[in-house]
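Peer 1: Encoded as structure tokens, here's the structure I'll be asking about.
Residue numbers (my numbering): 165 to 376.
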């Protein structure tokens, strides 16, 4: 897969996270430590910075995503760093391992690998009120659209829609994982900030691939 749209995806994600950092912090202040927006901005600002550096000419899309994951792990605090970072690492590794399939099916398989890495690391299940509630539906929606032959852009848009819907669905849930779980019933009525950030990542993917 051409790394150019991947670079655009990462740049767009950094822009969206910067624009939405206050909202993400507000969401996290209600059920977490109140630092999610700042942490995510710091991580993706670091990603945007390394994208401006001279990258290897032969760098693959997968290698770029693995480097992104490493950067996020080292710069985002709390649980979000390992979760988001590991998902990008898994995405990149899977993308470079994939065979001669079309780009949309290769990316679908890579997103599934990223989803599975989040599940393993966070031990989250659907309905636990975590980023998995956005990432799982998004990866599944992308795969369905790719399998139907809808192409990269339409598959990404389907994933973005599913991520948004998954994020909204976390609002009535009671958190069963992470710091929010300590609040019990008081976590009900608030969107999960990790899910909200995940929705921004998928919105950026759709924007980048539609511009391709």
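All C-beta atoms, glycine included, are put in the ideal place defined by N, C-alpha and C. Here the structure is a predicted model, which means the values were calculated and not measured.
Hey, does residue 250 have any beta-carbon neighbour from chain C nearer than 7 Å?
Peer 2: Protein chains in the displayed structure number just one, and chain C is not present.
Peer 1: With burial defined as no fewer than 16 other Cβ atoms inside 10 Å of the residue's Cβ, what is the status of residue 164: buried or exposed?
Peer 2: This structure cannot settle anything about residue 164, because the visible part of the chain is limited to 165 through 376.
Peer 1: Leaving out five residues before and five after residue 333 in sequence, what residues of the same chain have Cβ atoms less than 8 Å from its Cβ?
Peer 2: Excluding sequence neighbours, residue 333 sits near 297.
Peer 1: Please go through the same chain and pick out, in chain order, the residues whose beta-carbon is closer than 7 Å to the beta-carbon of residue 172, but skip the five residues on each side of it.
Peer 2: Closer than 7 Å at the Cβ level, and outside the excluded window around residue 172, lie 372 and 375.
Peer 1: In whole angstroms, give me the CA-to-CA distance for residue 369 and residue 177.
Peer 2: Taking the straight line joining both Cα atoms gives about 8 Å.
Peer 1: So the alpha helix (DSSP H) residue 260 belongs to, where does it begin and stop?
Peer 2: Residues 244-261.
Peer 1: Rounded to whole angstroms, what's the CA-CA distance from residue 290 to residue 223? Just pull it up for me.
Peer 2: Approximately 35 Å between the Cα atoms of the pair.
Peer 1: Please tell me whether residue 288 and residue 343 are closer than 7 Å, where the distance is taken between their beta carbons.
Peer 2: Their beta carbons are not under 7 Å apart, which means residue 288 does not touch residue 343 by this criterion.
Peer 1: According to DSSP, is residue 218 part of a helix, a strand, or is it coil?
Peer 2: Coil.
Peer 1: Are residue 319 and residue 268 touching if we call contact CB-CB under 7 Å?
Peer 2: Yes, these two residues count as a Cβ contact at 7 Å.
Peer 1: List the whole-angstrom C-beta distance separating residue 260 from residue 226, where the pair is believed to meet the contact cut-off of C-beta under 8 Å.
Peer 2: Contact flag correct, Cβ pair sits at about 3 Å.
Peer 1: What is the rounded straight-line gap between the Cα of residue 390 and the Cα of residue 197?
Peer 2: Residue 390 cannot be examined here, being either before or after the span of the chain that is shown, 165 to 376.
Peer 1: What separation, rounded to the nearest whole angstrom, lies between the Cα atoms of residue 200 and residue 283?
Peer 2: About 20 Å.
Peer 1: Compute the Euclidean distance between the alpha carbons of residue 300 and residue 278, then round it to the nearest angstrom.
Peer 2: Rounded to whole angstroms, residue 300 to residue 278 spans 9 Å at the Cα level.
Peer 1: Using the three-state DSSP reduction, which class does residue 166 fall into: helix, strand or coil?
Peer 2: Three-state DSSP puts residue 166 in coil, outside helix and strand.
Peer 1: Please tell me whether, using a cut-off of 6 Å, the distance from the CB of residue 332 to the nearest non-hydrogen atom of the ligand GDP is below it.
Peer 2: In the structure shown, the ligand GDP is absent, as is every other ligand, since no ligand is present at all.
Peer 1: Among 231, 306 and 347, which one has its Cα closest to the Cα of residue 219?
Peer 2: Among 231, 306 and 347, the Cα nearest to that of residue 219 is on 231.
Peer 1: Please work out which residues of its chain come closer than 7 Å, Cβ to Cβ, to residue 203, disregarding the five sequence neighbours upstream and downstream, and give them in chain order.
Peer 2: Excluding residues within five positions, the ones whose Cβ falls inside 7 Å are 240, 241, 242 and 244.
Peer 1: Taking only the alpha-carbon atoms, compute the straight-line gap between residue 310 and residue 331 and give it to the nearest angstrom.
Peer 2: Straight-line Cα distance between these residues: approximately 22 Å.
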